[in-house]
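Step one of this worksheet: look at the structure below.
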Amino acid sequence: MSSNINSVISLKNISKTYDGPPPVKALDDISIDINEGEFVSIVGQSGSGKSTLLNMIGLLDNASEGIIEIEGKNISDFSDDELSKFRGEKIGFIFQSFFLLPGLTAQENVAEGLLYQGVKREERLKKAKEALEQVGLGHRLTHLPKELSGGEQQRVAIARALVEDPAFVLADEPTGNLDKESGLKILNILKELNDIGKTVIMITHNQEHAKMFKKKIELVDGKIAKYEG
Amino acid sequence: MKVNKLKTRDLFFVALYGVKARRGRAAMTSIGIGIGIAAIVAVTGISSSGKADLLATLESFGTNLIKASPQAGFFGSQESLPVGVVGMVERIGPVEEVTSTSRANLLVRRTNFISEYEGGGISTVVTSNELLEVIGGNLSEGRFIEGDLSDVPVTVLGAVSAERLGIKSIYPPAKILIDDQWFGVIGILEELTIHPDLDRSVFIGYGVAKTLFDIDSEPTTLYLRANPDYVEDVVDVLAPSMNPENPDQVEVSRPSDALEAQQAAEAAFTNLLLGLGSVALLVGGVAIANVMVMSVLERRMEIGVRRSLGATRKEIRSQFLLESIILSGIGGIVGVLLGVGITFGYTNYTNIVFSIPFWQIFGAVVLALVIGAISGMYPAIKASKIQPAEAVRT
Ligand SMILES: Nc1ncnc2c1ncn2[C@@H]1O[C@H](COP(=O)(O)OP(=O)(O)OP(=O)(O)O)[C@@H](O)[C@H]1O
Ligand SMILES: [Mg+2]
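So the protein sequences, as listed, match chains H and X.
For the first sequence, this note's numbering assigns the number 9 to the initial residue and increments by one for each residue that follows.
For the second sequence, this note's numbering assigns the number 96 to the initial residue and increments by one for each residue that follows.
Put into structure tokens, the structure is as follows:
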């Protein structure tokens, strides 16, 4: 595949080795181009390097080798602080275990999504309410995470990711801890986000879910085994 | 690109979240600091109350009072001062007032049922009415030996004497026995503090001393007030002018000096307690550092999430640093309240002036905050160094 000049995310010959002992080569010469508004799935066996790849795209981790360009900018030119702010403004993360802060209500958890962008508290809470309504949880504002079902918690986490109005939504097995019905609901929400123009990249083990994606990346032992779409 | 956008007010709430989410632990963690600060505030509070009380005492008695008495003889026998000494002293320029007393060796008892041997410890002082004014004493009841009262068998009791004799009031009228002569009690003095010897005395007039006990008016002790600017000079010339041949036989002292010396002795004890308070603070600081390190390890997920939401390393560092400062600050505030309470209780109980300068309270709180900052530094740096990708891995 050739590098696409219009791609919004571009990985060129990325490798990642975790320092041992023994050293683990989690990603091996990966090149990917993702265009604006794409709906991408990453599949593969456990330990194949999916999370490592997603964290790399999400700027949570840096590559051992290779170049990552996002919106045409080489991210190795960014300082650590700039990477942080870029994550905060452009990338929404959704994790398998939700990662909500246990002491905060649903609304407060979602509002944390705007905390590091200097948005005032009243404004944060107002936008958090809107985001929760968007994922169908307008009636659960004052509940603590432990008072919500797994599916509801994940929807709160999605609201937290989208409250900042990110260009990219990255989800690492968001349905992995959920039953089939809740999982489908999450998937549909992500699809809706994609419909309104967001680039969504999601790791999944679920073959059914994977079928819904136009673009599919399959990893085997840190290498791209299949690249569709 | 502008980084570190977290507002100070928000940072405070983020740090407070960490404390509130673990209330029990926070309380346990702040205890060390609380105890240390309480100890320091109480110790400095009690010490400064003591000083304030001393100042108040010195103010009421004055530091320009000088006392002169014959050097205690070889066998402790009290010799009297040369005749006409009061006149000599009055001629020293800066001396404003002089009065004298004669100590008489007489047994003082409440009744004659008390044996001679049990009645000890109370001296009889023969004096005139000016004494009270010169030494700055106050009557708690009745009057002093005014005018003609000098010639009749009446007596005024020092505060401690009154207590020992069991006479709390001049009503109903009470009598005591001085060397087998009955004396009516006409007044009781308030405690003089800087004259413990006078507190343990009973006072009678010169006239009655002469008629009943044949005591001459040879003075044994001189009390004088000097112009405050020349107190030292008067102290220097007093002995030579009282006894030019043997100035070293006259002992000159300032009663206020004794109080100050006593205060200095107490300061050593204060320092010891301050040392103990500091140890408690050190232990408290280490406890906070420990708990914060533990907290950082437990809260990797929170750190990872915050980094993914856009927190910079510095913002994470500030969060944990401030959390540590808040923990220590809570301990500090509780400690200050406790320390002030202890000081108040102590001063109330011992009946001295309550005084804690504002800077001591302010200083204690600042100290707690500084300890929190120091203790939090290492955990905060540790938290900020956690790789975001590592932190979100489960
Ligand atoms: N911090 C690390 N240090 C060493 N090795 C690591 C580290 N993180 C991941 N690995 C290794 O890198 C490889 C890829 O891990 P990764 O988490 O990306 O797999 P994954 O495809 O997401 O698996 P799963 O489906 O189980 O989540 C694995 O062999 C893993 O053991
Ligand atoms: Mg994974």
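Just so it is clear, CB atoms sit at the ideal spot from N, CA and C, and this is done for glycine as well.
Residue i (DSSP reduced to helix, strand or coil)
i                 : result
ASN443 of chain X : helix
LYS480 of chain X : helix
ALA134 of chain X : helix
VAL228 of chain H : strand
ASP243 of chain X : helix
PRO29 of chain H  : coil
GLU313 of chain X : coil
TYR56 of chain X  : Since the first residue shown for chain X is 96 and the last is 489, residue 56 of chain X is missing from the structure and cannot be characterised.
TYR124 of chain H : helix
PRO342 of chain X : helix
PRO110 of chain H : coil
LYS409 of chain X : helix
LYS20 of chain H  : strand
ASP37 of chain H  : strand
ASN82 of chain H  : strand
Residue i: first and last residue of the uninterrupted beta strand (DSSP E) it sits in
i                 : result
ASP180 of chain H : 176-180
ARG198 of chain X : 190-199
GLN276 of chain X : 276-284
PHE107 of chain X : Not the beta strand (DSSP E): PHE107 of chain X falls in the alpha helix (DSSP H), residues 103-115.
MET183 of chain X : Looking at the DSSP string, MET183 of chain X is not in any beta strand (DSSP E); the run it does join, the alpha helix (DSSP H), is 180-185.
MET210 of chain H : 207-211
GLY232 of chain X : Neither: GLY232 of chain X is in no beta strand (DSSP E) and is coded neither H nor E.
VAL48 of chain H  : 47-52
ILE161 of chain X : 160-165
Test: residue i CB closer than 8 Å to a CB of chain H
i                 : result
TYR444 of chain X : no
LYS480 of chain X : no
ASP148 of chain X : no
THR124 of chain X : no
ALA475 of chain X : no
ALA363 of chain X : no
VAL386 of chain X : no
SER419 of chain X : no
Beta-carbon neighbours of residue i, restricted to chain H and to distances below 7 Å
i                 : result
MET396 of chain X : PHE107
LYS102 of chain X : GLY126
ARG120 of chain X : The premise fails here: ARG120 of chain X is roughly 13 Å from chain H at the closest Cβ pair, so nothing lies under 7 Å.
Closer than 9 Å at the beta carbon, the chain X residues around residue i
i                : result
LYS33 of chain H : Near LYS33 of chain H there are no residues of chain X at all, since even the closest Cβ is about 16 Å away, more than 9 Å.
SER59 of chain H : ALA484, VAL487, ARG488
ASP69 of chain H : GLN482, PRO483, ALA484, GLU485
is_contact[residue i, chain X] using C-beta, thresh 8 Å
i                 : result
PRO153 of chain H : no
GLN142 of chain H : no
PRO110 of chain H : yes
ASP37 of chain H  : no
ARG163 of chain H : no
GLN104 of chain H : yes
GLU97 of chain H  : yes
SER56 of chain H  : no
GLU226 of chain H : no
GLY121 of chain H : yes
SER157 of chain H : no
ASP173 of chain H : no
PHE101 of chain H : yes
LYS81 of chain H  : no
LEU1 of chain H   : Only positions 9 to 237 of chain H appear in the structure, and residue 1 of chain H is not among them; the question remains open.
SER84 of chain H  : no
ASP88 of chain H  : yes
LYS231 of chain H : no
Chain-ordered neighbours of residue i on chain H, where CB pairs are closer than 8 Å
i                 : result
VAL391 of chain X : Those within 8 Å of VAL391 of chain X in chain H number zero; the least Cβ separation is about 15 Å.
VAL136 of chain X : Going along chain H, no residue has its Cβ under 8 Å from VAL136 of chain X, so there is no contact; the nearest lies around 32 Å.
Proximity below 8 Å, CB of residue i to CB of residue j
i                 : j                 : result
LEU35 of chain H  : LEU67 of chain H  : no
ALA110 of chain X : LEU417 of chain X : yes
ALA463 of chain X : GLY426 of chain X : yes
GLN215 of chain H : LEU186 of chain H : no
SER143 of chain X : SER450 of chain X : yes
ILE310 of chain X : ALA147 of chain X : no
LEU108 of chain H : VAL171 of chain H : no
ILE313 of chain X : SER235 of chain X : Reading off the sequence shown, one finds Glu at residue 313 of chain X, where the question assumed Ile. No; because the gap between Cβ atoms is not below 8 Å, this pair is not in contact.
Segment limits, alpha helix (DSSP H) that includes residue i
i                 : result
THR306 of chain X : 301-308
PHE94 of chain H  : 88-98
LEU201 of chain H : 188-203
THR7 of chain H   : For residue 7 of chain H there is no data in the structure shown, the boundaries of chain H being 9 and 237.
PRO323 of chain X : First-last for PRO323 of chain X: undefined, no H or E at that position.
VAL164 of chain H : 158-170
SER403 of chain X : 395-403
Interface residues of chain H facing residue i [CB-CB closer than 9 Å]
i                 : result
LYS115 of chain X : GLY111
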